[in-house]
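**Q** Before we start, here is the structure in question, set down as structure tokens.
In full-length UniProt numbering, the protein residues as written are 1 to 353.
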């Protein structure tokens, strides 16, 4: 199946069995394409003795996500490079560089739209971005953080920035956004919503009713955990302070931009038809059974311009179920348990100073 055909299906329509039937031949072909066109990737497959035929998705070679920080991994010639996305990271850390051609970049945008509209609907709505406009002019800030804001902006009829360039509250924008009737969207990174929306507005003595809003947030929980703020407490604060009842976290990464794993109404992260997740035992990298925590491997058929279709992340998690989430969405659903020990801090929330 050509990737463009994937986009004609509802994002959670396939059962896991149906998905794997589509994925296996596609991933075999994609792996061979990267073997031929990305020399370091091909050399690695040869060294480890990987052939060209696989009988299960679990056999698809996986690239440790950290390699993108140190190797130039691309499967297209330089003249076809459309843009390069860099990952988040604290000062001094190496950053992943993800090479995109025009087709892959477009598919990322179309994929993100297909997934998120399942939660928001297809229409555009007023959007409050819990950040400042300088995220697009500050070269240090415009990485995965800026790319995510741009990506989700596809749902914006009109954009409001909650913060000024010095990260103080943009009270005028907040008041204008609060006056909008009908559905609205609030987007930001987990820690920034907490610090610059919840806490800053309370400290300023301001009060807003955002009960008509859907909140989408992502980018890491490490700073929230350091403040002993759980996901439940986070949602409760948004409801108590702003009367927001619809809050969706998402899991994603620069190395597979567009393939976000959205949190459903039951509180579970979901793999769509555009991605899959396998949990690996840290001891021997064998697949873990449902409920057992291990290292997350993520798969995306969209990664054509670079060999990022099968990645071993530095995150721990567990599969919670398959095809039977109470929300009705098919496929695997899972939880994130945090970073593996000694892994670098890299989430968009967690790297914000």
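Ideal Cβ positions, reconstructed from N, Cα and C, are used throughout, including at glycine. Predicted, not measured: the structure shown is a model, and the values here were computed from it.
1) Specify whether the region 248-265 and the region 102-113 touch according to this definition: at least 3 beta carbon pairs, one from each stretch, less than 8 angstroms apart.
2) Write down every uninterrupted run of the beta strand (DSSP E) in the region 84-124 whose length is 3 residues or greater and which is fully enclosed by it, in chain order.
3) I need the DSSP call for residue 309, collapsed to helix, strand or coil.
4) Using only the alpha-carbon positions, how far apart do residue 29 and residue 36 sit?
5) Name the two residues that bound the continuous beta strand (DSSP E) containing residue 297.
6) Please check the pair residue 100 and residue 184, which I expect to be a contact at CB under 8 angstroms, by giving their CB distance rounded to whole angstroms.
7) Give every residue of the same chain whose Cβ lies closer than 6 angstroms to the Cβ of residue 281, excluding the five residues on either side of it in the sequence, and list them in chain order.
8) For residue 140, is the classification buried or exposed, using 16 other Cβ atoms within 10 angstroms of its Cβ as the cut-off for buried?
9) Quick one: grab the DSSP three-state call for residue 213.
10) Mind checking whether residue 75 and residue 250 have CB atoms under 8 angstroms apart?
11) Residue 345 to residue 87, Cα distance in whole Å?
12) Determine the closest residue to residue 291 out of 267, 133, 319 and 274, with distance taken between C-alpha atoms.
13) To the nearest angstrom, report how far apart residue 179 and residue 300 are at their CA atoms.
14) Am I right that residue 268 and residue 325 are in contact with their C-beta atoms under 8 angstroms? What's the rounded C-beta distance?
15) Going by C-alpha to C-alpha distance, which of 96, 261, 209 and 13 sits closest to residue 66?
16) Between the Cα of residue 162 and those of 153, 151 and 177, spot the shortest distance and give me the residue it belongs to.
17) For residue 341, tell me which candidate among 329, 316, 335 and 215 has the shortest Cα-Cα distance.
18) I need the boundaries of the alpha helix (DSSP H) containing residue 176, first residue and last residue.
19) Around the C-beta of residue 190, are 16 or more other C-beta atoms found within 10 angstroms, so that it is buried, or is it exposed?
20) Spatial neighbours of residue 121 within its chain, please: CB distance less than 8 angstroms, with the 5 preceding and 5 following residues excluded, ordered by chain position.
21) Between the alpha carbons of residue 214 and residue 245, how many angstroms are there, rounded?
22) Just reading off the alpha helix (DSSP H) that residue 234 is part of, what are its end residues?
23) Apart from the five residues on each side of it in sequence, which residues of its chain come closer than 6 angstroms, Cβ to Cβ, to residue 69?
24) Please report the straight-line C-alpha distance between residue 311 and residue 172, rounded to a whole angstrom.
**A** Let me lay it out:
1) yes
2) 97-100
3) coil
4) 11 angstroms
5) 294-299
6) The beta carbons of residue 100 and residue 184 sit about 31 angstroms from each other, so the pair does not count as a contact at 8 angstroms.
7) 288 and 294
8) Note that residue 140 scores 47 on pLDDT, short of 50, meaning its location in the model is unreliable; the coordinates nonetheless yield the value given after this. That one is exposed.
9) The DSSP-derived three-state label of residue 213 is strand.
10) For the 8 angstroms CB-CB criterion, residue 75 and residue 250 do not form a contact.
11) Its pLDDT being 46, under 50, residue 345 is placed unreliably by the model, and nothing is read from it.
12) By alpha-carbon distance to residue 291, the top candidate from 267, 133, 319 and 274 is 319.
13) 40 angstroms
14) Their Cβ separation, rounded to whole angstroms, is 6 angstroms, which keeps residue 268 and residue 325 in contact under 8 angstroms.
15) 96
16) 177
17) Per the Cα distances, 316.
18) 171-178 is the span of the alpha helix (DSSP H), which, as asked, contains residue 176.
19) The residue is buried, with at least 16 neighbouring Cβ atoms inside 10 Å.
20) 183
21) 8 angstroms
22) 231-242
23) 94 and 96
24) 43 angstroms
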